[in-house]
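If you're matching positions, the sequence shown starts at 1 in full-length UniProt numbering and goes up one per residue.
Report on the structure given below.
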Amino acid sequence: MTTTPILILSGKGKTGRRVAEQLEARGVPFRLASRSSEQRFDWYDDSTWPATIAGAETAYLAPPVGPTGLAAAGEFIKQAAAEGLRRVVLLSGRGVGSPGREFAVYESGLELEHAVKDSGADWTIIRPAWFAQGFSEDFMYDYVMAGEIRLSAGDGAEAWIDTNDVGDVMTAALLDERHTGETYSLSGPRTLTLTEVAAELSAASGRPISYVDLEPEEHVAEMVGFGLTQEDAEAVRDLFAVIRNHRSEYVSDGVQQVLGRAPRDFADWARETAKTGVWSV
């Protein structure tokens, strides 16, 4: 294991923050890199890359959403490996690399995985399902608070995963080189439709919450109205289209493989999260 601080790219995000907490608890040195960090890092500004890369041997890489951001991450990893990075753990997505990749967001994700594998650095790739914390920490939180989860997932199901499980897997991969060269797919223990998700969130929070199934282009228009770029909105649409087309209705065993335990169930996560008051009026 490296003795230099582990570089955490997008260290203020849902997974990066959890990895940082895990490393801190273990007394492992790390260095956060983001637009707001002391040493500014921006995926879209390669002038910020050299100082970020300098001295790093191991990195956790959580790339931006969308083809442009994923392409930038691919260029970054090539440069980082050329300048001395010897190990990277990549946050990818469940389904990347599966047959029938008709969506640009998956094609771009696969290209990034190839860039990581071809960089010359040792690598581990983690492909999680959708995060349960999307309903408590991300844009879907506003839907929960408004009482309507407005998405274009149809009646398809997803095996939603607790982001804390993802953080635990990422940390294990960073600290144990036995995971080098492995690709792990992660999910929760069961699949739920958005209607079932809304019911679980209602039961946990005490709030009446329903699922509103949007047409994909209607969904894009709403997200653009909320401030997303057209490209990012279309990338999110494509990710939900995977659910809409019933291609996420399976469970993955990566948490069990890496940690030797079962992943947390969505209902258990929702009940514990409700106790924090995050959905209280």
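All residues carry an ideal CB built from backbone N, CA and C; glycine is no exception.
Q) Counting pairs of Cβ atoms below 8 Å between the region 136-154 and the region 209-217, do you hit three or more? A) When C-beta atoms of the region 136-154 are compared with those of the region 209-217, three or more pairs fall below 8 Å, so the two segments count as touching.
Q: Kindly list the residues whose CB is nearer than 6 Å to the CB of Ser37, restricted to its own chain and excluding five residues on each side of it in sequence; keep chain order.
A: So the list is empty, once near-sequence residues are dropped.
Q: Return yes when the Cβ of Ser92 is within less than 8 Å of the Cβ of Pro67, no when it is not.
A: Against a cut-off of 8 Å, the Cβ pair of Ser92 and Pro67 comes out as no contact.
Q: Report yes or no: do the region 155-174 and the region 235-245 share at least 3 C-beta pairs separated by less than 8 Å?
A: Counting Cβ pairs under 8 Å, three or more are found: they touch.
Q.
Using the three-state DSSP reduction, which class does Tyr44 fall into: helix, strand or coil?
A. Under the three-state reduction of DSSP output, Tyr44 falls in the coil class, being neither helix nor strand.
**Q.** Short Cβ contact (8 Å threshold) for Ala262 with Ser187
**A.** Cβ atoms of Ala262 and Ser187: not closer than 8 Å.
Q: Reducing DSSP to helix, strand and coil, say where Ile125 ends up.
A: The answer is strand: DSSP assigns Ile125 an E or B state.
Q. Three-state secondary structure (DSSP) at Leu259?
A. The answer is helix: DSSP assigns Leu259 an H, G or I state.
Q) So, helix, strand or coil for Ala59, using DSSP? A) Strand.
Q | Close Cβ partners of Tyr141 (< 7 Å) along its chain, the five nearest in sequence each way excluded | A | Here the set comprises Phe135.
Q. Taking the alpha-carbon positions, what's the Glu113 to Leu70 distance?
A. Distance from the CA of Glu113 to the CA of Leu70, rounded to the nearest whole angstrom, comes to 10 Å.
Q) From what residue to what residue does the alpha helix (DSSP H) around Ile77 run? A) Residues 67-82.
Q) For the beta strand (DSSP E) that Tyr211 lies in, which residues bound it at each end? A) Taken as a continuous stretch (DSSP letters only), the beta strand (DSSP E) holding Tyr211 covers 210-213.
Q) Exposed or buried, His219, counting other C-beta atoms within 10 Å across all chains shown (16 or more means buried)? A) His219 is buried by the Cβ-count criterion.
**Q.** Spatial neighbours of Glu137 in its chain, beta-carbon cut-off 7 Å, leaving aside the 5 residues before and after
**A.** Once the five neighbours on either side are set aside, the close Cβ partners of Glu137 are Lys14.
(Q) At 3 residues or longer, what runs of the beta strand (DSSP E) sit wholly inside the region 133-211? (A) If we require 3 residues or more, the beta strand (DSSP E) runs fully inside the region 133-211 come out as 148-151, 183-186.
Q: Report back the beta-carbon spacing between Ala274 and Ser205 to the nearest angstrom; my notes put them in contact at under 8 Å.
A: Confirmed, Cβ separation roughly 5 Å.
(Q) Going by DSSP in three states, Val88 sits in which element: helix, strand or coil? (A) Here Val88 carries a strand assignment [DSSP, helix/strand/coil].
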